[in-house]
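Participant:
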Amino acid sequence: MVKRIRVALAGNANVGKSVLFNELTGLHQHIGNWPGKTVERAEGTLHYRGYEIDVIDLPGIYSLSTFSIEELISREYIALERPDVVVNVVDASNLERNLVFTVQLLELEAPMVLALNQMDMAKKMGVEIDVKRLSERLGVPVVPMVAVKGLGIKELLDSIVDVYEGRVRLKPLKVRYGREVEKYVEKLRGMVEGLGLPYPARWVAVKLLEEDEEIVRLVASRDRSIVEYASRCGREIEGIHGEPCPLVISFERCNLAGLIAREVQT
């Protein structure tokens, strides 16, 4: 019996994600639209080591908020459809900016492999990346690649299979915020855990503080008092930092991405 692995490619725009999709699936792909949407949906299939691997190329985005339909589609697919492996395609020549999105994926708690693409461009720019250290820091496999030349494809597929089969022990980085934010995230996490939501409770807590419209609406439909409490928490955080709570959280994510980038590149 053929084993099937569902893989989602996720990442910023212009990181070589579509090139990687084409390298993986070749002519065995189908382009359509997401149900009820005008956003393109690209799916393909390949066979590798006895596995049938279904690949979906998610829209290129910069966050997992709901500011655009592309962001919502990607977020809902990862969180609700739960692909077996999420391949986060990252531009090695622009590591810090790309890691901001990586941090958000880690918060969604999806099984992940990081495809460190465009290594040739990074090298031309004089950027060296300690791949082993980056993998240790993020707690997920990192595969250096030049997708446009087909380099790293086999290694990526091996990592996908290993993650699927549980041969790689994932220890994903636990994203933590500053003291004031963290205090309220933990309180809210405890409050939403019993709601039976299809998302990680901690992620929901962060999204409530970010005033994410979809999550606010969802939680309010179960218990409006939690949303009201989150709003009060956000105002307290704003009073301490002098910035709206969603901005504070965004800044702290960016700071973490910058810290990791500085640790692993020279």
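Residue numbers for the sequence shown follow my numbering, so the first one is 612 and each next one is one higher. Idealized CB from N, CA, C, for every residue including glycine.
(1) To the nearest angstrom, how far is it from the Cα of Ala868 to the Cα of Arg846?
(2) Once you ignore the five residues that flank Lys782 on each side, which residues in its own chain have a CB closer than 7 Å to its CB?
(3) Output the distance between the C-alpha atoms of Lys760 and His641, rounded to the nearest integer angstrom.
(4) Within its chain, find whatever has a CB closer than 8 Å to the CB of Arg864; leave out the 5 residues flanking it on each side and keep chain order.
(5) Do Ile616 and Tyr775 count as a contact pair if the criterion is CB distance below 7 Å?
(6) State whether the segment 801-810 contacts the segment 731-748, with contact taken as three or more CB pairs (one from each stretch) at a distance under 8 Å.
(7) If we call anything under 7 Å between Cβ atoms a contact, is Val700 one with Leu620?
(8) Please work out which residues of its chain come closer than 6 Å, Cβ to Cβ, to Asp731, disregarding the five sequence neighbours upstream and downstream, and give them in chain order.
(9) What is the DSSP secondary structure of Asn644, reduced to helix, strand or coil?
(10) For the segment 730-814, list the beta strand (DSSP E) runs that are entirely contained and at least 3 residues long, ordered along the chain.
(11) With C-beta atoms as the reference, is Arg652 less than 7 Å away from Gly661?
(12) What is the DSSP secondary structure of Leu717, reduced to helix, strand or coil?
(13) Please give the ranges of any beta strand (DSSP E) in the segment 642-679, keeping only runs that are unbroken, at least 3 residues long and fully inside the region.
(14) If you draw a straight line from the C-alpha of Arg790 to the C-alpha of Glu804, how long is it?
(15) Among the candidates Leu820, Glu692, Asn866 and Asp834, whose CA atom is the shortest distance from the CA of Ser842?
(16) Are the beta-carbon atoms of Gln876 and Val753 separated by less than 7 Å?
(17) Quick one: Cα of Gln729 to Cα of Ser770, how far?
(18) Measure how close the beta-carbons of Leu669 and Ala726 come, nearest whole angstrom, since I'm counting them as under 8 Å.
(19) My output table needs one value for Asn705: the three-state DSSP class, helix, strand or coil.
(20) Taking Asn705 as the reference, give the member of Ile680, Asp695 and Met736 with the closest Cα.
(21) Please name the residue, chosen from Val817, Gly647 and Glu747, that lies closest to Lys798 on a Cα-to-Cα basis.
(22) Per DSSP, what kind of secondary structure is Gly928 in: helix, strand or coil?
(23) Hey, quick one: how far does the beta strand (DSSP E) through Leu914 stretch, first residue to last?
(24) Report all residues from its chain with a CB closer than 8 Å to the CB of Val618; omit the five preceding and five following residues, and keep chain order.
(25) By alpha-carbon positions, which one of Thr656, Glu825 and Tyr840 ends up nearest to Leu683?
(26) Given that a residue counts as buried once 16 or more other Cβ atoms are within 10 Å of its Cβ, and exposed if not, what is Glu874?
(27) In three-state DSSP terms, what is Val613?
Facilitator: This is what the structure holds:
(1) One Cα belongs to Ala868, the other to Arg846, and the distance between them is close to 25 Å.
(2) Within the same chain, and ignoring the five residues on either side of Lys782 in sequence, the residues whose Cβ sits closer than 7 Å to its Cβ are Gly750.
(3) Roughly 23 Å between the two C-alpha positions.
(4) Only Val711, Val714, Gln715 and Val786 meet the Cβ criterion.
(5) For Tyr775 and Ile616, yes; Cβs fall inside 7 Å.
(6) Not touching, per the Cβ criterion.
(7) Contact: yes.
(8) Counting only residues of its own chain and dropping the five nearest sequence neighbours on each side, Asp731 has a CB closer than 6 Å to the CB of Val757.
(9) Three-state result, Asn644: strand.
(10) With a minimum length of 3 residues, the continuous beta strand (DSSP E) runs that stay inside the segment 730-814 are 753-755.
(11) No, they are not a contact pair.
(12) Under the three-state reduction of DSSP output, Leu717 falls in the helix class.
(13) Counting whole runs of 3 or more residues, the segment 642-679 contains the beta strand (DSSP E) stretches 651-659 and 662-668.
(14) Here the alpha carbon of Arg790 sits roughly 21 Å from the alpha carbon of Glu804.
(15) Selected option, being the one with the closest Cα: Leu820.
(16) Not in contact: Gln876 and Val753 (Cβ atoms no closer than 7 Å).
(17) The alpha-carbon atoms of Gln729 and Ser770 are separated by roughly 18 Å.
(18) That pair is no contact at about 13 Å.
(19) Note: Asn705 maps to helix in three-state DSSP.
(20) Checked all of Ile680, Asp695 and Met736; the closest Cα to Asn705 is Met736.
(21) Restricting attention to Val817, Gly647 and Glu747, the CA atom closest to the CA of Lys798 is found in Val817.
(22) Past the boundaries of the shown model lies residue 928; the chain is included only from 612 to 877, so the question cannot be answered.
(23) What the structure shows of the chain is the stretch from 612 to 877, and residue 914 is not part of that stretch, so it cannot be assessed.
(24) Ile664, Asp665, Val666, Ile667, Pro694, Asp695, Val696, Val697, Val698 and Ile771, listed in sequence order.
(25) It is Glu825.
(26) In the assembly as shown, Glu874 is an exposed residue. Its beta-carbon has fewer than 16 other beta-carbons within 10 Å.
(27) If DSSP states are grouped into helix, strand and coil, Val613 belongs with coil.
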